[in-house]
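Novice:
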Amino acid sequence: MATTLVGIFDDFAAAQKAVQALTQAGVKQTDISLARNEPAGKGYTTYGGAKSTDLTTGNSIGNKIAGFFDSVFGSDINEDERGVYAESVRRGSTIVTVQADDANAERAVEILNNSGAIDVNRRAEQYRAAGYKKYDAKAPLYTSEQTNKEFQNFAGQGEVALPVIEEQLNIGKQVVQRGGVRIHTRVSERPVEETVNLREEKVTVNRRPVDRAVTDADVAASQQQDFTITERSEQAVVGKTARVVEEVVVGKDITERQETVRDTVRRSDVEVEETNPDAAGKRKSAKQ
Numbered sequence: 012m013a014t015t016l017v018g019i020f021d022d023f024a025a026a027q028k029a030v031q032a033l034t035q036a037g038v039k040q041t042d043i044s045l046a047r048n049e050p051a052g053k054g055y056t057t058y059g060g061a062k063s064t065d066l067t068t069g070n071s072i073g074n075k076i077a078g079f080f081d082s083v084f085g086s087d088i089n090e091d092e093r094g095v096y097a098e099s100v101r102r103g104s105t106i107v108t109v110q111a112d113d114a115n116a117e118r119a120v121e122i123l124n125n126s127g128a129i130d131v132n133r134r135a136e137q138y139r140a141a142g143y144k145k146y147d148a149k150a151p152l153y154t155s156e157q158t159n160k161e162f163q164n165f166a167g168q169g170e171v172a173l174p175v176i177e178e179q180l181n182i183g184k185q186v187v188q189r190g191g192v193r194i195h196t197r198v199s200e201r202p203v204e205e206t207v208n209l210r211e212e213k214v215t216v217n218r219r220p221v222d223r224a225v226t227d228a229d230v231a232a233s234q235q236q237d238f239t240i241t242e243r244s245e246q247a248v249v250g251k252t253a254r255v256v257e258e259v260v261v262g263k264d265i266t267e268r269q270e271t272v273r274d275t276v277r278r279s280d281v282e283v284e285e286t287n288p289d290a291a292g293k294r295k296s297a298k299q
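Going letter by letter, the sequence shown gives residues 12 to 299 in the working numbering.
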């Protein structure tokens with residue numbers, strides 16, 4: 012059994028990505044249509060599997076939008092719901108329609124939703140809150156400025172979120188002091204004694220008798236001259252050099268142990284009950 016799936020997108024690029032994802036998932040391109048209000052003011056056009064048709068002549072653009080959804084849904088959709096889809100196109104949204112068999116319908120719905128399809132029921136409520144009553148084929152198409160303004164307004168309204176609250180058990184660690192070692196350092200003095208050899212010089216003068224012939228060296232040495240001979244001696248000089256002769260190493264031996272902590276946590280659940288299933292299972296709409 013063939014199923015008609017519809018997704019409303021406020022972002023045209025997101026709608027294009029949805030079409031691409033559908034074809035990659037095995038949906039035939041001829042079973043996919045992408046319809047939107049052309050931003051350049053050329054009127055309503057289709058993209059994707061649907062044949063390209065000149066919709067800028069003949070009947071009004073509004074009637075052609077309505078006629079498009081008549082051809083898509085036939086008698087499987089009521090006038091009010093069809094009007095919401097047509098109104099979405101008139102206001103600048105992009106519509107992606109998919110003809111899928113039962114085997115691929117669930118996957119196609121998942122792709123449309125994951126690609127950013129808008130909840131059609133919530134969009135209808137937003138339209139009605141702004142004064143919308145039913146689709147008017149004679150109403151002019153939205154300009155890009157009107158579309159952007161309305162999308163921003165819808166985005167600011169947000170969605171109703173029902174929180175699911177679940178307690179989590181958080182286990183921490185606390186450091187407890189159990190003992191330790193206190194370290195003190197002090198300076199002490201002790202007498203030391205070392206032996207050192209010192210050298211000392213002393214000048215000595217000796218006379219000794221000789222008897223030899225005079226040489227030239229004796230003549231040169233006998234000339235008047237002065238000599239100075241210096242006496243030197245070594246003295247002990249005390250210096251101190253600090254050296255590390257021992258180390259005291261203080262450390263910790265760390266061990267780990269496992270401890271099982273048991274407690275109870277609470278969780279609140281939100282149950283959703285379907286009150287209005289799709290008529291005869293023939294039609295589904297993304298995000299409904």
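Think of the CB as a built atom: it goes at the ideal place given N, C-alpha and C, for glycine as much as any other residue.
Inspect the beta-carbon positions of E178 and R278 and report whether they are closer than 8 Å.
Specialist: Taking 8 Å as the Cβ cut-off, E178 and R278 qualify as a contacting pair.
Novice: So what's G103 in DSSP terms, helix, strand or just coil?
Specialist: G103 falls in the coil class under three-state DSSP.
Novice: If you draw a straight line from the C-alpha of R102 to the C-alpha of D21, how long is it?
Specialist: If you take the alpha carbons of R102 and D21, they lie about 10 Å apart.
Novice: Where does Q110 sit, in a helix, a strand or coil, going by DSSP?
Specialist: It is a strand residue.
Novice: Quick one, are the C-beta atoms of A119 and L45 less than 8 Å apart?
Specialist: No.
Novice: Could you spell out the range, first to last residue, of the beta strand (DSSP E) harbouring T15?
Specialist: T15 -> beta strand (DSSP E) spans 13-20.
Novice: Considering just the uninterrupted stretch of the alpha helix (DSSP H) at R243, what are its terminal residues?
Specialist: Segment: none, R243 is in no alpha helix (DSSP H) and carries neither H nor E.
Novice: So, for V109: in the same chain, excluding its five sequence neighbours on each side, which residues have a beta-carbon less than 7 Å away from its beta-carbon?
Specialist: Once the five neighbours on either side are set aside, the close Cβ partners of V109 are L16, L33, V38, D42, I43, A119.
Novice: For I182, name the three-state secondary structure that DSSP assigns.
Specialist: Looking at I182 - three-state DSSP - the assignment turns out to be coil, as it is neither helix nor strand.
Novice: Pick from V95, I106, A13: whose alpha carbon is nearest that of A24?
Specialist: When only C-alpha atoms are compared, the closest one is I106.
Novice: Taking the C-alpha atoms as reference points, what is the distance between S126 and E117?
Specialist: Distance between the alpha carbons of S126 and E117: 14 Å.
Novice: Inspect the beta-carbon positions of S99 and R133 and report whether they are closer than 8 Å.
Specialist: Contact: no.
Novice: Could you have a look at L33 and say whether DSSP puts it in helix, strand or coil?
Specialist: Three-state DSSP puts L33 in a helix.
Novice: What number of angstroms, rounded off, separates the C-alpha of T154 from the C-alpha of A111?
Specialist: For T154 and A111, the distance between alpha carbons rounds to 33 Å.
Novice: Any idea if V221 is buried or exposed, counting beta-carbon neighbours within 10 angstroms, 16 or more meaning buried?
Specialist: Classification for V221: exposed.
Novice: In this structure, how does DSSP classify N217 when only helix, strand and coil are distinguished?
Specialist: The answer is coil: DSSP assigns N217 none of H, G, I, E or B.
Novice: Would a C-beta distance cut-off of 8 Å place I129 and I265 closer than the cut-off?
Specialist: No, Cβ-Cβ distance for I129 and I265 is not below 8 Å.
Novice: Please classify S199: does DSSP put it in a helix, a strand, or coil?
Specialist: S199 falls in the coil class under three-state DSSP.
Novice: Ends of the alpha helix (DSSP H) at Y138?
Specialist: Counting along the chain, the alpha helix (DSSP H) containing Y138 begins and ends at 131-140.
Novice: Going straight from the alpha carbon of S199 to that of E205, what length do you get?
Specialist: One C-alpha to the other measures close to 19 Å.
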